[in-house]
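Using the working numbering, the letters of the sequence shown map in sequence onto residues 1 to 329.
All residues carry an ideal CB built from backbone N, CA and C; glycine is no exception.
Quantities reported herein were computed from a predicted structural model and do not represent experimental measurements.
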Amino acid sequence: MHLTPTHATRFATATLAHLGREYPYKMDLVLTGPEDARPPREHHPIFHGSFDWHSCVHGWWQILRLARRFPDLPVAAEIRARADEMLVPEKVAGERAFLDRPYSAAFERPYGWAWLLALHDEAERHDAPWSAALEPLALAFAARFHAFLPKLTYPLRVGTHFNIAFALLLARHWAETRDPALVTLIDSRANEWFGADRDCQAWEPGGDEFLSSALTEAHLMAVLLGGDFTRWFDVFLPRAAQEQPATLFTPATVSDRSDGKIAHLDGLGLSRAWNWRAIAAALGPAHPAAPVAEAAAQRHLAAALPHVTGDYMGEHWLASFALLALDGL
1 MHLTPTHATR FATATLAHLG REYPYKMDLV LTGPEDARPP REHHPIFHGS
51 FDWHSCVHGW WQILRLARRF PDLPVAAEIR ARADEMLVPE KVAGERAFLD
101 RPYSAAFERP YGWAWLLALH DEAERHDAPW SAALEPLALA FAARFHAFLP
151 KLTYPLRVGT HFNIAFALLL ARHWAETRDP ALVTLIDSRA NEWFGADRDC
201 QAWEPGGDEF LSSALTEAHL MAVLLGGDFT RWFDVFLPRA AQEQPATLFT
251 PATVSDRSDG KIAHLDGLGL SRAWNWRAIA AALGPAHPAA PVAEAAAQRH
301 LAAALPHVTG DYMGEHWLAS FALLALDGL
């Protein structure tokens, strides 16, 4: 299953509708006084839609990617016009100023940081001024990674926004051509945290997780280790060719898609599909786990893709993960 113009139109149409939808909105804000109780757009001139800041950021990543991949679709012209209006220096300055507020050091750490870097990377692939406008914000978040990673003693293995392996995947992709020191730092910390992991039990999913702790870690190590990945994988998931642990190969049951936390499990299916595809490619076709991994990717994708739209609790974010699953980073 691959990205098609039909997928692109469906995803982009839904995302354009919620990027500017201001309410409901979940603020990440510490009030320092009554003057801080202002509407979201006054705090976030660009990222005040899509229910929360990070979903708005990766919604922008998604529509820019779709406009680049399918530039002749009618919706692509609307995307470019919206970007010309919103991704401008004065609005970026407002977003950047938010980072200087008291108690903002952990704002969107690390998930939103990583998605902003992914957005900047995508914007740079367009013949437009959007990347230059976003650069001060991207550099600010890169600086936060530089400051944060050395003091993070223990890895964040949870399957939600705090997962460190997912953030490092996106941040490293951005840094490869821009910040070699950050690449070195990411590789060093990832090897310290994950390099000696053995026989993963994969106690997942948790009831509200949208990332696989095990597979996101393996995906990151595939990027870091290159030709040495197979040796690491064979001791990390030694029974993968036998589809064990079974939890990693079985799509999650989603009991209520109107519940924002339970709806996370559709995202788990999509992110696992992305992970399994990357892992299969890194292992190579001769590895016995590769066809099993690819089959698991297709199984998870088939279970989750029909539910990308339909309820706002999933619709405001799931298309970005569907795009990862279908088209990669």
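Output needed for residue i: all residues of its chain with C-beta closer than 7 Å, excluding positions within five of it in sequence on either side, in chain order.
i, result
"E122", "W61, L64, R65"
"F51", "P24, Y25, K26, H316"
"L348", "Because residue 348 is not part of the residues shown, which for the chain are 1 to 329, the question remains open."
Pick out whichever of the options has its Cα sitting closest to the Cα of residue i.
i, options, result
"V30", "D100, K91, T247", "D100"
"L137", "L119, T177, L318", "L119"
"A347", "F11, H44, E108", "Nothing about residue 347 can be read from this structure; the chain reaches only from 1 to 329."
"H219", "D208, W232, G207, E209", "W232"
"W276", "V75, A303, T15, A290", "A290"
"W193", "L152, P180, L134, L283", "L152"
"D311", "T6, M1, A14, H2", "A14"
"M86", "H264, H146, G49, D28", "G49"
Is DSSP giving residue i helix, strand or coil here?
i, result
"M27", "coil"
"C200", "coil"
"P34", "helix"
"K261", "coil"
"M221", "helix"
"W232", "helix"
Hey, would you say the C-beta of residue i is under 7 Å away from at least one heavy atom of the ligand GDP?
i, result
"P155", "As far as ligands go, the structure on display features none, and thus does not contain the ligand GDP."
Might you give, ordered along the chain, the residues of its own chain that have their beta carbon closer than 6 Å to the beta carbon of residue i, omitting 5 neighbours on each side?
i, result
"A37", "none"
"H300", "P251, G269, R272, A273"
"W174", "L117, D121"
"G378", "What the structure shows of the chain is the stretch from 1 to 329, and residue 378 is not part of that stretch, so it cannot be assessed."
"T6", "none"
Could you tell me the alpha carbon to alpha carbon distance between residue i and residue j, rounded to whole angstroms?
i, j, result
"R80", "P71", "10 Å"
"E22", "A240", "44 Å"
"G330", "P102", "With the chain covering 1 to 329 only, the question about residue 330 has no answer from this structure."
"R109", "L139", "15 Å"
"E176", "P40", "33 Å"
"S55", "Y111", "10 Å"
"L329", "M313", "23 Å"
"F321", "S212", "13 Å"
"F210", "E35", "35 Å"
"D223", "L169", "Checking the displayed sequence, the identity of residue 223 turns out to be Val instead of Asp. One C-alpha to the other measures close to 8 Å."
"L237", "A202", "9 Å"
"L185", "L149", "8 Å"
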